[in-house]
Amino acid sequence: MRAERRGVALLAALVSVLACAPADQPPPSQVPSAATSTPASAPAPTATSPGPSDAGPGAPGIGDADFPHDGNGGYDVTHYDIAVDYTPKTKRLEGVTTITAAATQALSSFNLDLSGLDVREVTVDGAAATFTRQGSELTVRPPRPLADGGGFTVRVSYAGVPKPIQDPDNLGSYGFIPTGDGAFVTAEPNGAKTWFPANDHPADKATFDFAITVPAGLTALANGELAGRPATSGGKTTWRWRERRPMVTYLATATLGEFELRQGRSAGGIPVLAAVDPAFESSLEGVYKTSAEVTDYWATVFGPYPFDSTGGVVDDFAAGYALENQTKPMYGGFDPDDGITAHELAHQWFGDSLSIRRWKDLWLNEGFATYAEWLWAEHKGKETAEAAFERQHRRPAGDSIWKYPPGRARPDDLFNQSVYTRGAMTLHALREEIGDRTFFDLLRTWTAEHRYGHVTTDQFVQLAERLSGKSLDSLFDAWLFQPRRPA
Ligand code: TRP
Ligand code: ZN
Numbered sequence: 002m003r004a005e006r007r008g009v010a011l012l013a014a015l016v017s018v019l020a021c022a023p024a025d026q027p028p029p030s031q032v033p034s035a036a037t038s039t040p041a042s043a044p045a046p047t048a049t050s051p052g053p054s055d056a057g058p059g060a061p062g063i064g065d066a067d068f069p070h071d072g073n074g075g076y077d078v079t080h081y082d083i084a085v086d087y088t089p090k091t092k093r094l095e096g097v098t099t100i101t102a103a104a105t106q107a108l109s110s111f112n113l114d115l116s117g118l119d120v121r122e123v124t125v126d127g128a129a130a131t132f133t134r135q136g137s138e139l140t141v142r143p144p145r146p147l148a149d150g151g152g153f154t155v156r157v158s159y160a161g162v163p164k165p166i167q168d169p170d171n172l173g174s175y176g177f178i179p180t181g182d183g184a185f186v187t188a189e190p191n192g193a194k195t196w197f198p199a200n201d202h203p204a205d206k207a208t209f210d211f212a213i214t215v216p217a218g219l220t221a222l223a224n225g226e227l228a229g230r231p232a233t234s235g236g237k238t239t240w241r242w243r244e245r246r247p248m249v250t251y252l253a254t255a256t257l258g259e260f261e262l263r264q265g266r267s268a269g270g271i272p273v274l275a276a277v278d279p280a281f282e283s284s285l286e287g288v289y290k291t292s293a294e295v296t297d298y299w300a301t302v303f304g305p306y307p308f309d310s311t312g313g314v315v316d317d318f319a320a321g322y323a324l325e326n327q328t329k330p331m332y333g334g335f336d337p338d339d340g341i342t343a344h345e346l347a348h349q350w351f352g353d354s355l356s357i358r359r360w361k362d363l364w365l366n367e368g369f370a371t372y373a374e375w376l377w378a379e380h381k382g383k384e385t386a387e388a389a390f391e392r393q394h395r396r397p398a399g400d401s402i403w404k405y406p407p408g409r410a411r412p413d414d415l416f417n418q419s420v421y422t423r424g425a426m427t428l429h430a431l432r433e434e435i436g437d438r439t440f441f442d443l444l445r446t447w448t449a450e451h452r453y454g455h456v457t458t459d460q461f462v463q464l465a466e467r468l469s470g471k472s473l474d475s476l477f478d479a480w481l482f483q484p485r486r487p488a
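If you're matching positions, the sequence shown starts at 2 in the working numbering and goes up one per residue.
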């Protein structure tokens, strides 16, 4: 069968399974009303009204001391509407991002994070706003101050050639990365700002709508489900996706290029989409099947799957890493085995549904996803989690993971091996201490109590103590916070 024809048939089926509400329906997130405190009979504010007299500038950072410029203060985003048009040949992106937010203080100005790209126009509630730029901070001054608690929308029009962030010592490049046929978009920890203006820190979650326009024939993949059938005109196709569950900015993707698609439902009834670059055509079936099987299995271990679809994307960009993009984990240039698939899909619960408020707590993502790899191997009869733990515990006392306490991820080396491996060992030590029954009850209670929300290490320790009835301070202290190998 010729590729184009198969593409059309798949597309029709894809729309029927993955489509959610029509694209013109407002997002299901709560859009705060701009005038909650103004009675209907009150005179409408005019352009000359002074607005709140106590208004001041919003902070240029969200309050994560390790990443003082990431995110911003003074407001909370509820929804991003991102429309981008990308031309792989010129690597040029044209974007219009509309952000719906609520002020958490009276604001004379506020910041967004945006790196590179030329800003053409900014409006706040439809009125032209002035703006200045310094580094990755875009400061917006609305014509009138914004009232504390009030909703507002800010619309930013921008264009240019996105530049990924270079981190040669650790992650390589991340953010919006051009590839031979399109772009590979993986943005952890703070690369969302390379392609859209954002409150770019996991402490602020929001729902997302995407409209991604690409040359006809290419596929654009974003989070969530298709919102209508891709529409082609004038040689371009617009793909609309909607993530209706709250999501952090670093998980947003607009990966685009040539892709082969396979979709359906898992045995447990969850819509599944696998997408692979043609160079990985032989991986398509495996990615589809393994993603479906793993998602269903984790739902029995961690609690109900938090999102409305699952899957995986393999691109031919040789990143050598994977990222847990919400509903669509990405694998950069390799055929993922079941171990890494188990890791990225475990993140849908740990990292995606439950998000960290501060980067120092990253073990709550990576330690859990690594422990999930051990649980998967145990489930498959390959190696028990106990054996994996023992294997790691045998690392010599001088090994670097014993010097790096995983409960406090360091900003200059966030993704240290200790955060992954010693984080996973912490969970196994806890499991041994409180027993399987309480341990797995703890995992399910944790994901249920904080679904779509934020978590801290202290909250996890407290819940473990509450459910087990044990004092666990010394266990967590030894495993998470001491610069030496626990006994
Ligand atoms: N969270 C990823 C994982 O554990 C690793 C990662 C961190 C990453 N930053 C990234 C991957 C940026 C891709 C791009 O699997
Ligand atoms: Zn991970």
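Note that the Cβ used here is the ideal one computed from N, Cα and C, for glycine as well.
| query | result |
| --- | --- |
| Please list, in chain order, all residues of the same chain as residue 285 whose beta carbon is under 7 angstroms from its beta carbon, the five residues on each side excluded. | 261, 263, 275 and 277 |
| Going by C-alpha to C-alpha distance, which of 159, 145 and 59 sits closest to residue 93? | 159 |
| Would the C-beta of residue 366 count as close to the ligand NAD, meaning under 8 angstroms from any of its heavy atoms? | Ligands present in the displayed structure are limited to the ligand TRP and the ligand ZN, and the ligand NAD is not among them. |
| When the Cα of residue 58 is compared with those of 66, 73 and 235, which residue comes out closest? | 73 |
| Taking the straight line between their C-alpha atoms, what separation do you get for residue 126 and residue 154? | 5 angstroms |
| By how many angstroms is the C-alpha of residue 201 removed from the C-alpha of residue 422? | 27 angstroms |
| Straight-line CA distance for residue 246 to residue 224? | 10 angstroms |
| So residue 63 packs on residue 205, CB below 8 angstroms; how close in whole Å? | 7 angstroms |
| Strictly by DSSP, which residues pair up with residue 240? | 213 |
| Using 8 angstroms as the cut-off, classify the Cβ of residue 348 as near or not near the heavy atoms of the ligand ZN, replying yes or no. | yes |
| Do residue 241 and residue 212 have their C-beta atoms within less than 9 angstroms of each other? | yes |
| For residue 35, which residues in the same chain have their Cβ closer than 6 angstroms to its Cβ, ignoring the five residues on either side in sequence? | Unreliable placement is indicated for residue 35, whose pLDDT of 35 sits below 50; the coordinate value is still reported in the next sentence. Cβ within range, chain order: 151 and 152. |
| Specify the secondary structure class of residue 432 as computed by DSSP and reduced to three states. | helix |
| Under a Cβ-count criterion, where at least 16 other Cβ atoms within 10 Å of its own Cβ denotes burial, should residue 165 be classed as buried or exposed? | buried |
| Note down the Cα distance separating residue 30 from residue 384, rounded to an integer number of angstroms. | Note that residue 30 scores a pLDDT of 39, beneath 50, so its modelled location is shaky and nothing firm can be said. |
| Would you mind sorting residue 292 into buried or exposed? The rule is 16 or more other CB atoms within 10 Å of its CB. | buried |
| Tell me, please, which residues DSSP counts as bridged to residue 411. | 414 |
| For the stretch 237-297, which segments carrying the beta strand (DSSP E) assignment without a break, of at least 3 residues, lie completely within its bounds, in sequence order? | 237-248, 255-258, 261-266 and 272-277 |
| Could you check if residue 372 belongs to the surroundings of the ligand ZN, using beta carbon to heavy atom distance under 8 angstroms? | no |
| Can you grab the Cα-Cα spacing for the pair residue 130 / residue 119, in whole Å? | 16 angstroms |
| Rounded to the nearest angstrom, how far is the Cβ of residue 299 from that of residue 350, given a contact under 8 angstroms? | 7 angstroms |
| Return the first residue and the last residue of the beta strand (DSSP E) that residue 135 is part of. | 131-135 |
| Alpha carbon to alpha carbon, what distance is there between residue 318 and residue 220? | 15 angstroms |
| Kindly confirm or deny that the stretch 419-433 and the stretch 174-192 touch, where touching means at least three C-beta pairs closer than 8 angstroms. | no |
| Please tell me whether, using a cut-off of 8 angstroms, the distance from the CB of residue 1 to the nearest non-hydrogen atom of the ligand ZN is below it. | Because the chain is modelled from 2 through 488, residue 1 falls outside the range shown and cannot be assessed. |
| For residue 193, does the three-state DSSP call read helix, strand or coil? | helix |
| Please report the residue range of the alpha helix (DSSP H) in which residue 463 lies. | 458-469 |
| Taking the beta strand (DSSP E) that residue 80 falls in, what are its first and last residues? | 76-88 |
| Of the residues 67, 56 and 369, which one's Cα is nearest the Cα of residue 76? | 56 |
| Helix or strand or just coil, what does DSSP make of residue 326? | coil |
| Out of 322, 195 and 161, which one is the CA nearest neighbour of residue 71? | 195 |
| Nearest-angstrom Cα distance between residue 177 and residue 189? | 11 angstroms |
| With a threshold of 8 angstroms, are at least 3 pairs of Cβ atoms found where one atom belongs to the stretch 459-472 and the other to the stretch 385-398? | no |
| Pop quiz: residue 505 and residue 236 are said to be a contact at Cβ under 8 angstroms. What is the actual Cβ separation, rounded to whole angstroms? | Outside the shown range of the chain (2 to 488) lies residue 505, about which nothing can therefore be said. |
| Could you check the C-alpha separation between residue 485 and residue 403 for me, to the nearest Å? | 5 angstroms |
| With a 10 Å radius around its C-beta and 16 neighbouring C-beta atoms as the bar for buried, classify residue 476 as buried or exposed. | buried |
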